[in-house]
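Visitor: As you go down the protein sequences, you meet chains Y and E in turn. Sequential numbering of the first sequence, starting at 1, is according to this note's numbering. Sequential numbering of the second sequence, starting at 1001, is according to this note's numbering.
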Amino acid sequence: MADENTSFEDNLKELEEIVSKLEKGDVPLDDAINEFEKAMRLVKSCDDKLKDAQDTIAKIVNENGEIVDFNVE
Amino acid sequence: MSVDLRDRMQYLLNLFLVNLYKFCSDIMDVEYITVSKVTDYISNIFRSDSKLKRVFIMGELSNAKLYPSGHLYFTLKDDDSQISGVMFGAVHRLKFRPKDGMNVLIQGRIEVYKDHGKYQLYVNKISPDGVGDLHRRFEQLKKKLYKEGLFDESHKKKIPNFPERIGVVTAPNGAAIRDIITTIKRRWPFCEVILFPSLVQGDRAASNISYQIRRSENFDLDTLIVGRGGGSIEDLWSFNEEIVARTIFDCTTPVISAVGHEIDYTISDFVADLRAATPTAAAEIAVPPYGEIKNAVNQLNSRANLAIDNQINDYKHRMDNIVSKHLFKNPSEIYAPKEMMLDNIVSRLSFSSKSLIGKNSNRLELIKNSNVFKDEEYIIKAHKEKLLLELSKLEVLNPLNTLKRGYALTKHEGKIVSSSKELKSGDEVEIEFKDGNVNTMVI
């Protein structure tokens, strides 16, 4: 199940597995359609993550152990 | 001590002996001189040699001792020779702590120390033989940690493919952190980078690096990059310190080491979970390339669609195949052959029944038309003829005919006598002839 909480890596891996299974073509049609729907949910989840491209946040841990923004230059 | 120097010493010694001999022969008959004079003479010879005024010598320190006076006394040696040495006011001039066994480079002069009647090395400048010494220390530590198994592949942790938070232990103002942040931004902008600022060269760098690595453990990092940009072997040295190596080994976060350039190998590189040639390379290893991942997802998407389309088309094709079968279009063809078969049977049945009737009626007709039915006399006549035939056969056998030929028939009590034994004396017999009977008696 494409779940927000599972990692991008897990989703990608599951997607790869489902696609390979579908490509073999030996899954009964009903199951194949279920798997396909699952694959589409995983694609969406991965895409959402990839669309969510924020700028890399760079921080620095100062002497007091606090995390503060870090600007290069 | 260099070979060159030893040759020179030998040469000087020879020179000295020749002169001494000359000197002695000169004075032999004249006067005895003091030890001091001899020593002065020798000392002058040393001083008159310009090469001994400025020598560059490398060797290993032994018996090094810093006196309260501030002077350093030591012996410099190699495998074959040794020379005493002294550095005046060393306590103020030394930039390192001289230790026995240390390889050093010395610039100075060689003079005679008259008090002891021996020549010695007066140090102008002394410095550790950095490269040689560091190289030896490097090899020693590498060997030690290797034996302890700190470099074993079995200890290597896998670097996460899709990290969300990466720690970096390096200098906050160096090129390394800049390169790392730039690279991560470009490749995988979903990742947070947290810098743990550290000294990366100098005496305190090793303990500082070690401290920051331990500190980073509290920040829930996916990956930790430890390193710095390029520099001399001395600059990179803190990454060859045991304390850094052990901290990296103990670190629970997967560590990528990135020290200096491609050609620089440090102990940290061996003990880290992965070695990157440069800080930029470390960042490239630490995060996946966005473009490729995006493509991979797109490709998986199209492959999934293609796969399901193919499967559905396959089913459709099979369905079409079935529906388009001739039989489905002409259902009468399913029973037409059976009808034909039925017709065939019916026709054969009617044919055979007719033929059966026909055959039997023919037979009946034949019977009807037989002579028996046409002429009733036919049977009687046939039997009469047969009877007459039988009668004629009987006529042949008639005994009367035998009698006609002269034979007679003897009867007793009405029965024909065929044997003489049937009769006894006194029996009355009847003899039959062809023309009549005679009764008589047996005698």
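Quick reminder that beta carbons are idealized off the backbone N, C-alpha and C, glycines included.
(1) With a 10 Å radius around its C-beta and 16 neighbouring C-beta atoms as the bar for buried, classify residue 1102(E) as buried or exposed.
(2) If you pair each beta-carbon of the segment 1307-1314 of chain E with each one of the segment 1215-1222 of chain E, do three or more pairs fall below 8 Å?
(3) Mind listing, in chain order, the continuous alpha helix (DSSP H) runs of no fewer than 4 residues lying wholly within the segment 1341-1386 of chain E?
(4) So, does the CB of residue 1181(E) fall closer than 7 Å to a CB anywhere in chain Y?
(5) Any C-beta of chain E sitting closer than 7 Å to the C-beta of residue 22(Y)?
(6) With a Cβ-Cβ cutoff of 7 Å, do residue 1395(E) and residue 1409(E) count as a contact?
(7) Extract the residue ranges of the alpha helix (DSSP H) inside the segment 1121-1168 of chain E, only unbroken runs of 4 or more that lie entirely within it.
(8) Just confirm the distance between the C-beta atoms of residue 1226(E) and residue 1169(E), as a whole number of angstroms; I'd bet it's less than 8 Å.
(9) Should residue 1024(E) go down as buried or exposed, given a rule of 16 or more other Cβ atoms within 10 Å for buried?
(10) Only counting the same chain, and skipping five residues up and downstream in sequence, which positions put a Cβ closer than 6 Å to that of residue 1127(E)?
(11) Report yes if the CB atom of residue 1247(E) is closer than 7 Å to the CB atom of residue 1286(E), and no otherwise.
(12) Report the residue ranges of all alpha helix (DSSP H) runs contained in full by the segment 1236-1307 of chain E; include only those spanning at least 4 residues, in chain order.
(13) Pick out whichever of 69(Y), 57(Y), 59(Y), 37(Y) has its Cα sitting closest to the Cα of residue 1305(E).
(14) Taking its Cβ as the centre, do 16 or more other Cβ atoms sit within 10 Å of residue 61(Y), making it buried, or is it exposed?
(15) What residue from 1137(E), 1151(E), 1056(E) has the CA that sits closest to residue 1125(E)'s CA?
(16) What is the DSSP secondary structure of residue 1197(E), reduced to helix, strand or coil?
(17) Three-state secondary structure (DSSP) at residue 1217(E)?
(18) Among 1251(E), 1259(E), 1165(E), which residue has its Cα nearest to the Cα of residue 1238(E)?
(19) For residue 1084(E), which of 1234(E), 1075(E), 1358(E) has the nearest alpha-carbon?
(20) Among 1062(E), 1038(E), 1008(E), whose alpha-carbon lies nearest the alpha-carbon of residue 1115(E)?
(21) Which same chain residues end up closer than 7 Å to residue 3(Y) when comparing Cβ atoms and leaving out the 5 residues on each side of it in sequence?
(22) Which residues share a DSSP beta bridge with residue 1440(E)?
(23) I need the straight-line Cα distance from residue 49(Y) to residue 1301(E), nearest angstrom please.
(24) Ordered along the chain, which non-local residues of its own chain (more than five positions away) have a Cβ less than 8 Å from that of residue 1184(E)?
Guide: Straight from the coordinates:
(1) buried
(2) no
(3) 1371-1374
(4) Interface with chain Y (7 Å Cβ-Cβ cutoff): residue 1181(E) is included.
(5) yes
(6) Residue 1409(E) is positioned such that its CB atom lies no closer than 7 Å to that of residue 1395(E).
(7) 1130-1148
(8) 5 Å
(9) exposed
(10) 1105
(11) For residue 1247(E) and residue 1286(E), no; Cβs fall outside 7 Å.
(12) 1242-1250, 1267-1271, 1279-1286
(13) 37(Y)
(14) buried
(15) 1056(E)
(16) strand
(17) helix
(18) 1259(E)
(19) 1075(E)
(20) 1038(E)
(21) Low per-residue confidence applies at residue 3(Y): pLDDT is 44, beneath 50, and the placement is therefore not dependable, though the value from the model is reported in the following sentence. Once the five neighbours on either side are set aside, residue 3(Y) has no close Cβ partner at all.
(22) 1429(E)
(23) 15 Å
(24) 1166, 1191, 1193, 1283, 1286, 1287
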